[in-house]
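A.B. asks: Quick note: the sequence shown uses the numbering used here, first residue 526, plus one each step.
Heads up, the beta-carbon is just placed ideally off N, CA and C, and yes, glycines get one too.
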Amino acid sequence: MRVADVSEFFSDFGGGVRTYVHQKLEAAAKSGVAMTILAPGPADRREKRLGGEIVWVRSPVLPFDHRYHLFARKRAAHALLDELQPDVIEGSSTWRGAWIARSWPGPAARALFLHQDPVAVYPQSFLSPALRADRVDQLFAGFWRYLAKLSAGFDVTIAPSAVFARRLERHGVLRSIACPLGVDRALFSPGLRDENVRFEMLSACGVSDPAAPLFVAVSRHHPEKRLPMMMRAFAKFSADRAAALYLIGDGPLWRSVTAQARRIPGVAVAGPVTDRAVIAARLASADYFVHGGAAETFGLVVAEALASGVPIITPDQGGASEFVHPAFGEAYRAGDAEALAAALARIVNRDRRELSLAARAGGHRLVTPSEHFANLFAVYGGLCGARRERIAA
526 MRVADVSEFF SDFGGGVRTY VHQKLEAAAK SGVAMTILAP GPADRREKRL GGEIVWVRSP
586 VLPFDHRYHL FARKRAAHAL LDELQPDVIE GSSTWRGAWI ARSWPGPAAR ALFLHQDPVA
646 VYPQSFLSPA LRADRVDQLF AGFWRYLAKL SAGFDVTIAP SAVFARRLER HGVLRSIACP
706 LGVDRALFSP GLRDENVRFE MLSACGVSDP AAPLFVAVSR HHPEKRLPMM MRAFAKFSAD
766 RAAALYLIGD GPLWRSVTAQ ARRIPGVAVA GPVTDRAVIA ARLASADYFV HGGAAETFGL
826 VVAEALASGV PIITPDQGGA SEFVHPAFGE AYRAGDAEAL AAALARIVNR DRRELSLAAR
886 AGGHRLVTPS EHFANLFAVY GGLCGARRER IAA
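1. How many angstroms separate the CA atom of residue 633 from the CA atom of residue 911?
2. Within the chosen definition, does the region 711–718 reach the region 567–576 through at least 3 CB pairs nearer than 8 Å?
3. For the beta strand (DSSP E) that residue 528 lies in, which residues bound it at each end?
4. With distances taken from CA atoms, which of 553, 868, 627, 825 is nearest residue 705?
5. What residue from 679, 620, 650, 583 has the CA that sits closest to residue 908's CA?
6. Does the count of Cβ pairs from the region 887–897 and the region 813–832 closer than 8 Å reach three?
7. Rounded to the nearest angstrom, what separates residue 877 and residue 812 at their Cα positions?
8. Got a sec, what are the start and stop residues for the alpha helix (DSSP H) residue 573 sits in?
9. Just checking, does the region 808–823 make contact with the region 837–853 on the three C-beta pairs under 8 Å criterion?
10. Can you give the Cα-Cα distance for residue 901 and residue 699, rounded to whole angstroms?
11. When DSSP labels each residue in this structure, what does residue 646 get in the three-state scheme?
12. Start and end of the beta strand (DSSP E) containing residue 854?
13. Is residue 810 closer than 8 Å to residue 743 when the C-beta atoms are compared?
14. Hey, out of 844, 853, 546, 545, whose CA is closest to residue 883's CA?
15. Please report the residue range of the beta strand (DSSP E) in which residue 741 lies.
16. Consider the C-beta atom of residue 853 and the heavy atoms of the ligand ATP; say whether any pair is separated by less than 7 Å.
17. Helix, strand or coil, according to DSSP, for residue 715 in the structure here?
18. Report the option in 767, 692, 562 whose CA atom is closest to the CA atom of residue 821.
19. Quick check on the DSSP output: the alpha helix (DSSP H) that includes residue 682 runs from which residue to which?
20. Residue 840 lies in the beta strand (DSSP E); which residues open and close that run?
21. Between which residues of its own chain and residue 543 is the CB-CB distance below 8 Å, once the five residues before and five after are set aside?
22. On a CA-only basis, which of 555, 724, 686, 735 is nearest residue 638? Give me that one, please.
23. Considering only C-alpha positions, which residue in the set 577, 582, 671 is nearest to residue 567?
24. Tell me, please, whether the region 611–629 touches the region 670–679 by the rule of three or more beta-carbon pairs shorter than 8 Å.
25. Going by CA-CA distance only, name the one from 653, 563, 784 that's closest to residue 595.
26. State the Cα-Cα distance for the pair residue 728 and residue 767, rounded to the nearest angstrom.
27. Quick one: grab the DSSP three-state call for residue 581.
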């Protein structure tokens, strides 16, 4: 089976999508699936990578984040698909890339894999908590009609989590199925906890008390991640106690995030960490993982924290909300700094050892990447079989 992934938001400088694409290439090679990633980039070029192939199509840069590009030339992408003659085309965005995948005139089966929820990422992020999420959905009903129309041209729409699949169904996207992403439990493990790493992170935050709670967050510096809200909540929580907040990541809001962090005692902006083994060690060595984003379709980094045996604090919306459980975490009203501050206070007043043991048990129930891709490729194999049967009939 040959699969072509028209991956509009893949970038070598990105985060979760980059990790996912690399896992997909490796899994495809092991499964005997010929995988090609079509991605927009600064120049036309091809490269072999991880048992598959990445074909870059020269495209303009994304205005607000120069790490990413957006497809502009349908003809160039279609010419590559003519050459590849895939059995399955996967569209991985709601924008130009999806229309390129849908409009290619070849006979391939088509799947729309939605890695992003644009209504949650932008309007809900900017308008929360002033407006309820359902009210924002009503205001953007035109987008949901557009997405339903777009998805009608695909054989199936794949969501990375059950919570997002249900959200799509509520808004008229037919043939939606959940195919939860996987977490590398061999890499992210409670066994990586290291008190020396913990003390290093505390010191980076300017906290000398070894008993102070250490919160870690890993995310892009982007409005959807709500880092300013998170820091306001932490400032309120830590006003009368020693505590540390260690932020890993960077992005378009790096300057403003860093400036705000300098004004709040106990906050350190560590910047980007590209070595995933280092991220795994820091997650396992934290006391708690705190998350601000309510727009993820899955919430990979939250799952990785859980696999590391770390209690989690997440908003009550989005893919991340699917992981939180009273046994090992706290939920709070999305976008609400007061609610997050209260959640931080609640969790530090609980028995951390019990929380961590429960988090370990929760982590064992997570799907692995190999299981995710086995499920995904089984769906694609089924699409190919159904298409062959229709052609034969």
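C.D. replies: Let me lay it out:
1. Locating residue 633 in the sequence shown gives position 108, counting from the first residue. Locating residue 911 in the sequence shown gives position 386, counting from the first residue. Rounded to the nearest angstrom, the two C-alpha atoms are 11 Å apart.
2. no
3. Mapped onto the sequence shown, residue 528 falls at position 3. 527–531 is the extent of the beta strand (DSSP E) around residue 528.
4. What you label residue 705 is simply residue 180 of the sequence shown in a count that begins at 1. Of the candidates 553, 868, 627, 825, the one whose C-alpha sits nearest the C-alpha of residue 705 is 825.
5. Position 383 of the sequence shown, counting from 1, holds the residue named residue 908. Measuring from the Cα of residue 908, the nearest candidate turns out to be 679.
6. yes
7. Locating residue 877 in the sequence shown gives position 352, where the first residue counts as 1. Locating residue 812 in the sequence shown gives position 287, where the first residue counts as 1. Each residue's alpha carbon lies about 8 Å from the other.
8. By one-based count along the sequence shown, residue 573 stands at place 48. Taken as a continuous stretch (DSSP letters only), residue 573 belongs to no alpha helix (DSSP H), being part of the beta strand (DSSP E) at 570–574.
9. yes
10. Here residue 901 corresponds to residue number 376 of the sequence shown, with the count starting at 1. Here residue 699 corresponds to residue number 174 of the sequence shown, with the count starting at 1. Distance between the alpha carbons of residue 901 and residue 699: 18 Å.
11. Taking the sequence shown and counting its residues from 1, the one referred to as residue 646 is at position 121. In this structure, residue 646 counts as helix in the three-state DSSP scheme.
12. By one-based count along the sequence shown, residue 854 stands at place 329. Boundaries of the beta strand (DSSP E) harbouring residue 854: 854–857, taken from the DSSP string.
13. Numbered from its first residue, the sequence shown carries residue 743 at position 218. Numbered from its first residue, the sequence shown carries residue 810 at position 285. No, the Cβ-Cβ distance between residue 743 and residue 810 is not below 8 Å.
14. Counted from its first residue, the sequence shown places residue 883 at position 358. Its Cα nearest to that of residue 883, the residue 853 stands out among 844, 853, 546, 545.
15. Here residue 741 refers to the residue found at position 216 when the sequence shown is read from its first residue. It spans 739–743 - the beta strand (DSSP E) in which residue 741 sits, taken as one unbroken run.
16. This structure lacks the ligand ATP; in fact it carries no ligand of any kind.
17. To locate residue 715, count along the sequence shown from 1; it is residue 190. Residue 715 falls in the helix class under three-state DSSP.
18. Walking along the sequence shown from the start, residue 821 turns up at place 296. When only C-alpha atoms are compared, the closest one is 692.
19. Numbered from 1 along the sequence shown, position 157 holds the residue referred to as residue 682. That residue, residue 682, is in no alpha helix (DSSP H); its beta strand (DSSP E) goes 681–684.
20. Residue mapping note: residue 840 aligns to position 315 of the sequence shown, counting from 1. Counting along the chain, the beta strand (DSSP E) containing residue 840 begins and ends at 837–840.
21. Here residue 543 is taken as the residue at index 18 of the sequence shown, counted from 1. For residue 543, where only same-chain residues beyond five positions count, the Cβ hits under 8 Å are 535, 536, 537.
22. Within the sequence shown, numbered from 1, the residue matching residue 638 stands at position 113. Of 555, 724, 686, 735, the residue nearest in Cα terms is 686.
23. For this step, residue 567 is matched to residue 42 along the sequence shown. Here the closest residue by C-alpha is 582.
24. Counting Cβ pairs under 8 Å, three or more are found: they touch.
25. What you label residue 595 is simply residue 70 of the sequence shown in a count that begins at 1. Of 653, 563, 784, the residue nearest in Cα terms is 563.
26. Working through the sequence shown from its first residue, we reach residue 728 at position 203. Working through the sequence shown from its first residue, we reach residue 767 at position 242. Distance between the alpha carbons of residue 728 and residue 767 is about 12 Å.
27. Looking up residue 581 in the sequence shown gives position 56. The answer is strand: DSSP assigns residue 581 an E or B state.
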